[in-house]
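**Q** Numbered according to the numbering used here, the sequence shown spans residues 155 to 563.
Sharing a structure with you now.
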Amino acid sequence: MAEPDLTRVRAALDAGDFARARELIDDLTLPPSSELLELQAMAAYGDGDLEGALAAYGDLYRLHLENDEPCEAARAAVNVGMYLMMDSGLMAPVRAWLSRAERLVAKAPDNPVRAWLAAVRTYERLMCGDMPGTGHWARKAMEGGRRHGLKAPAIIGQVAHARVRIHDGAVDEGLSALDDVAVELSAGNLDPLTSGQMWCEVICAMQWIGQHDRAEQWTEAMERWRHDAAFGGLGGRCRVHQAEIMRLRGPCDAAEQEALLACEELRPWMRREYGWPLTELGNARLRKGDFAGAEEAFMAAYQNAWLPQPGLAWLRLAQGRTEEAFSMIENALEHPFDIPSNLPNAGHCRSSPLRKICTSMPRRDWRCSTRRRAKLIGNDSPKRKRISKRPRPTTTFTGQNWPAPTASF
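This is the structure:
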């Protein structure tokens, strides 16, 4: 049987016309093939149909199993896990698909699929806050990617490994590695999906530790990339980062509009993470003093299973509800939610944005005991004790003078 001519489908995908690509695929009267199912998955994802993309990769997985192609089936299983992780945040299904892939390549210790498997395992561990596990799998992704000439998994591993080094205290080393990745991304040497995801990760990592100037400069580079190459939910993710920078630098009206556009663009793709753009919308509104609008956005984020902290606590403080703000921070520190949030997902960095609210609060608003206050600020180390003795601000928090958190994202 002659191979089907899928040139028009590929041309539509290359042009970013994903709806047209899906129409062309639907008009075909062909039995499923690995090439056709790959294109079907790409077209569905680009058109905002995450379930359609997952279904196509699932069909591809089963087709390879039927054809006794275990390594190819493993690659399809890794793709299912990767797309689930990117846009659903549901780690149990992610781990299940990755386990399937591992079983399929058990007898192929040096197959290139293992590099991709390690890359996705890396971020499954990172999203769960397992920094030692992240480092282990990141090294495997880098080694496997370089050995097999696969740039994408090697870069994914490098970004995650840099975040581990930063978490471990080797900040300069980690930032240097992130800068190196950003240069590679700017050169356009990777596929659009990996590029978009890694731009997001690089900038998140820099904002994570308060490197806002650095993040701003790379965000500008990401913006230039976005207009030509972003597809699916990647453009919306870029908009969230742009909104974050605008909120910190101004103008806040522009930050709010960018966050609104991000929410609109990300709606078809994001499931569990949809609270991220909503939280940034609330942050922008809070910064401009729109407390009612901020409340609406933060509550919408919460309803999407996202913890909108520390923004919500800052809002309560701005509203004069100091005890409620204290209680929120106290609860978040003592009983961390196992749900996504803008807070770093591991180590002391996670508590830093929360404690900053207490250290930034005017002394006259400290309506709690000294012991409780010390506990919230974290006076359990000599360094923190020195910080806690610094003079407290005397100005009233209004929203416009909201301090930029050092490790919020």
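Glycine residues also receive a C-beta, built at the ideal position from the N, C-alpha and C atoms.
Model, not experiment: these values are computed from the prediction.
1. Would you mind reading off the limits of the alpha helix (DSSP H) that contains residue 485?
2. Where does residue 163 sit, in a helix, a strand or coil, going by DSSP?
3. Answer yes if the segment 370-379 comes into contact with the segment 407-416, meaning at least three C-beta pairs across the two stretches below 8 angstroms, and no otherwise.
4. Ordered along the chain, which non-local residues of its own chain (more than five positions away) have a Cβ less than 7 angstroms from that of residue 445?
5. Would you decide whether residue 286 is buried or exposed? Buried here means 16 or more other CB atoms lie within 10 Å of its CB.
6. For residue 367, which of 398, 351, 162 and 393 has the nearest alpha-carbon?
7. Note down, in chain order, each residue of its chain lying with its Cβ closer than 6 angstroms to the Cβ of residue 307, except the 5 sequence neighbours on either side.
8. With three or more beta-carbon pairs closer than 8 angstroms as the criterion, would you say the segment 210-222 touches the segment 156-173?
9. Pull up the distance between the alpha-carbon of residue 541 and that of residue 363, whole angstroms please.
10. Are there three or more Cβ pairs, one per stretch, closer than 8 angstroms when the segment 253-270 is compared with the segment 229-245?
11. Helix, strand or coil for residue 184, going by three-state DSSP, please let me know.
12. From which residue to which residue does the alpha helix (DSSP H) around residue 241 run?
13. Check residue 258 in the structure and name its three-state DSSP category.
14. Are the CB atoms of residue 319 and residue 311 nearer to each other than 7 angstroms?
15. Please classify residue 461: does DSSP put it in a helix, a strand, or coil?
16. Extract the residue ranges of the alpha helix (DSSP H) inside the segment 315-370, only unbroken runs of 4 or more that lie entirely within it.
17. Taking residue 380 and residue 438 to be in contact with their CB atoms under 8 angstroms, please state how far apart those CB atoms are, rounded to whole angstroms.
18. Work out the CA separation of residue 159 and residue 494 for me, nearest whole Å.
19. Have a look at residue 340 and residue 361 and give me their C-alpha separation to the nearest angstrom.
**A** Considering the structure as presented:
1. For this step, residue 485 is matched to residue 331 along the sequence shown. Segment 476-488, the alpha helix (DSSP H) holding residue 485.
2. Residue numbering aside, residue 163 sits at position 9 when the sequence shown is read from its first letter. Three-state DSSP puts residue 163 in a helix.
3. no
4. Along the sequence shown, one-based indexing puts residue 445 at 291. Within the same chain, residue 445 has close Cβ partners 469, 472, 473 and 553.
5. Working through the sequence shown from its first residue, we reach residue 286 at position 132. It counts as exposed.
6. Taking the first residue of the sequence shown as 1, we reach residue 367 at position 213. When only C-alpha atoms are compared, the closest one is 398.
7. Residue numbering aside, residue 307 sits at position 153 when the sequence shown is read from its first letter. Within the same chain, residue 307 has close Cβ partners 269, 270, 273, 295 and 299.
8. For the pair of segments examined, the segment 210-222 was found not to touch the segment 156-173: the number of CB pairs separated by less than 8 angstroms stays below three.
9. As a working note, residue 541 is residue 387 in the sequence shown. As a working note, residue 363 is residue 209 in the sequence shown. Because the pLDDT of residue 541 is 35, which lies under 50, any placement of that residue in the model is unreliable, and the number read from its coordinates should be weighed accordingly. In a straight line, the C-alpha of residue 541 is about 18 angstroms away from that of residue 363.
10. yes
11. Locating residue 184 in the sequence shown gives position 30, where the first residue counts as 1. Coil.
12. On the sequence shown, position 87 is the one that residue 241 refers to. Residues 224-241.
13. Taking the sequence shown and counting its residues from 1, one reaches residue 258 at position 104. In this structure, residue 258 counts as helix in the three-state DSSP scheme.
14. For the purposes of this step, residue 319 is taken as the residue at position 165 of the sequence shown. For the purposes of this step, residue 311 is taken as the residue at position 157 of the sequence shown. Cβ atoms of residue 319 and residue 311: not closer than 7 angstroms.
15. Counting from one through the sequence shown, the residue named residue 461 turns up at place 307. Of the three classes helix, strand and coil, the one that applies to residue 461 here is strand, per DSSP.
16. 325-340 and 346-362
17. As a first step, residue 380 must be located in the sequence shown, where it is residue number 226. As a first step, residue 438 must be located in the sequence shown, where it is residue number 284. Not quite, the Cβ-Cβ distance comes to about 19 angstroms (not below 8 angstroms), so this is no contact.
18. Counted from its first residue, the sequence shown places residue 494 at position 340. Counted from its first residue, the sequence shown places residue 159 at position 5. The predicted position of residue 494 is uncertain, since its pLDDT is 46 and thus under 50; no value can be drawn from it.
19. Along the sequence shown, read from residue 1 onward, the residue named residue 340 stands at position 186. Along the sequence shown, read from residue 1 onward, the residue named residue 361 stands at position 207. Cα to Cα, residue 340 sits roughly 19 angstroms from residue 361.
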